[in-house]
Amino acid sequence: MKCLILDDSKAITGLLQLIIMDELGAAEALVANNVADALLLLENNPASIDVVFCDLNLPDVDGVAFLRMLAEQGFQGYIVIVSSVSHRVLKSVEHLVRNHQLKFLGTIIKPISPQSVVQLLQSIGSHGAVKPPATVKEKLTVPELIEALEMGYFECYYQPQVCAMTRNVVGFEALARLKSPKRDLVFPDDFIALMEQHSLILRLTKDQIISVFKQWKIWHQQGHCYRVAINISALLLNDLELPGFILEQINKYGIKPTLVTLEITESCLNEDRIKALEVLSRLSMYGINLSIDDFGTGYSSIERLQSLPFNEVKIDRLFVQNAVASESERPVLDSMIGMANRLGLRVVLEGVETLAHWQMVCHSGCDSFQGYFIAKPMSVDKLEKWLRDWDKMTH
Ligand code: C2E
Ligand code: MG
Ligand code: MG
């Protein structure tokens, strides 16, 4: 692992260098005391720096500007902010990093504790704060996506949702994966946006719906009555035919509409309001559940909750993570849950990732939980064993 440390204090760069090299024997640490030197080091080590430790207060060009430069260069490694600025400033910089599409690994508050540095670096690649870097070497192309649709290379993975009170499995969210013979497993972040841009998302969504309902029928024949959640791109809310298609499939597979939830990401609900309202009203008339995905990260959520027929919110994992990380963030999560409860909405909490998350939220007023602490999304063939294990563990 190669790290770059940018800090104007030689004491700090020295300390970080020691921690990185001593505690993580295999690591190499380059040092810069100003942005110009850091850029030079990046230029001389293209694509080989895995982590940048970035101080914010620097003479001349500051750390915030440096983050922008990293984004402009398409830097692929992780970012760690090392600073002693206030909590609010750190939060805003953290958002900035994410908005720059840089990979945020975490924050280290001065004075530096060696343990916090080691922990952060060790979380790379584990299922911790960050997603492992995409395994795709070459970018996906549109012809490749079309081929994948035609050849049936997309597969549904299922992530369990469990009841907050009983811990019983109530259902699953279906998440798309691309399993092409030419590549390692590809995650949605690498293909959904491209498929939206090239009008391929409708085809993928229809395939997903059919495959999920087929799977539901198999479960039903085995005596289960699970709920199923499917992600719907907000772009598809302009498609007045979609509700009819879904209803047709519901009838074909004999699933109760009340067991189906469509998750729509809040941040994209801006498009054509009138058409979306028509589509959502129709789906809701059929008895299908509508959920706002990544709730809390979009715009004007309260107005939307009131005017659109949603009956569930999925609170974004950011809020759970923040609440565990900092006591002062806890009221944010609590008030979101409280508001949803008072509006009569079901509340699903995403990103229950660790035991600490679980313990903090288990009496928080949510209806169900989803997250790595319960299970990662998995292919159907792994589900049966997981279900048996979960049942044993909870009963
Ligand atoms: P989402 O609907 O919010 O799905 C939850 C995402 O969070 C999934 O990522 C899941 O693997 C991940 N996740 C679940 N629990 C945890 C946890 O405890 N910690 C962390 N760090 N992550 C967790 P995934 O599968 O990569 O999907 C990413 C997004 O892609 C989804 O976010 C959804 O918006 C979109 N997506 C997935 N499948 C489809 C699809 O078939 N159609 C459309 N339109 N979008 C899809
Ligand atoms: Mg979702
Ligand atoms: Mg979500």
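When the letters of the sequence shown are read in order and numbered with my numbering, they come out as residues -17 to 377.
Glycine included, C-beta positions come from ideal geometry on N, C-alpha and C.
Just so we're clear, the structure is a prediction, and the values are computed from it rather than from any experiment.
Per-residue burial, residue i [other beta carbons within 10 Å of its own, 16 or more giving buried]
i, result
"N213", "buried"
"A175", "exposed"
"Q341", "exposed"
"E294", "buried"
"G269", "exposed"
"E54", "exposed"
"V141", "A small fix is needed here, since residue 141 is Gln in this sequence, not Val. Flag for Q141 reads buried."
"P115", "Its pLDDT being 43, under 50, P115 is placed unreliably in this model, and the value from its coordinates should be taken loosely. Looking at its Cβ environment, which holds fewer than 16 other Cβ atoms inside 10 Å, P115 is exposed."
"I90", "buried"
"S30", "exposed"
"T117", "Here T117 scores only 38 on pLDDT, less than 50, and its place in the model is too uncertain to base an answer on."
"M147", "exposed"
"I427", "The chain is shown from -17 up to 377; residue 427 falls before or after that span and cannot be answered."
"I228", "buried"
"N27", "exposed"
"E332", "buried"
"C348", "buried"
Any non-hydrogen atom of ligand 2 within 6 Å of residue i CB
i, result
"D171", "no"
"E285", "no"
"N213", "yes"
"E366", "no"
"E245", "yes"
Ligand 3 heavy atom lying under 6 Å from the CB of residue i
i, result
"E25", "no"
"D275", "yes"
"E332", "yes"
"K296", "yes"
Closest by C-alpha distance to residue i, when choosing among the options
i, options, result
"E245", "E155, E120 and E132", "E155"
"I1", "D32, Q204, S95 and R50", "S95"
"E178", "R370, V124 and V64", "V124"
"D37", "N15, F195 and S74", "N15"
"S181", "L325, L160, E335 and A216", "A216"
"S361", "E137, Q231 and L78", "E137"
"Y300", "E260, E10 and G88", "According to the sequence provided, residue 300 is Leu. The question's Tyr does not apply to it. Looking at the Cα atoms, G88 is the closest of the given residues."
"V242", "G320, I284, K196 and E260", "K196"
"F35", "G59, F277 and L22", "G59"
"K188", "P163, Q143, L262 and L131", "L131"
"I183", "K234, L167 and I128", "I128"
According to DSSP, residues forming a beta bridge with residue i
i, result
"F277", "I297"
"K85", "Y60"
"V13", "I(-13)"
"M360", "Y140"
"L272", "L244"
"V330", "K296 and S350"
"S65", "I91"
Residue-level contact to chain D via CB, residue i, 7 Å cutoff
i, result
"W368", "No chain D appears in this structure, which consists of one protein chain only."
Residue i: CB within 6 Å of a non-hydrogen atom of ligand 1
i, result
"E76", "no"
"I61", "no"
"A158", "yes"
Problem set entry | Ordered list of alpha helix (DSSP H) runs contained in the region 24 to 55, each at least 4 residues | Fully enclosed alpha helix (DSSP H) runs of 4 or longer: 45 to 54.
For this session: Identify every run of the alpha helix (DSSP H) within the region 118 to 161, keeping only runs that are complete inside it and at least 4 residues long; order them along the chain.
Result: Those alpha helix (DSSP H) runs which fall completely within the region 118 to 161 and span 4+ residues are 124 to 133.
Exercise. What are the complete beta strand (DSSP E) segments, minimum 3 residues, inside the region 181 to 250?
Worked result: Runs of the beta strand (DSSP E) lying entirely within the region 181 to 250, each at least 3 residues long, are 209 to 214 and 242 to 247 in chain order.
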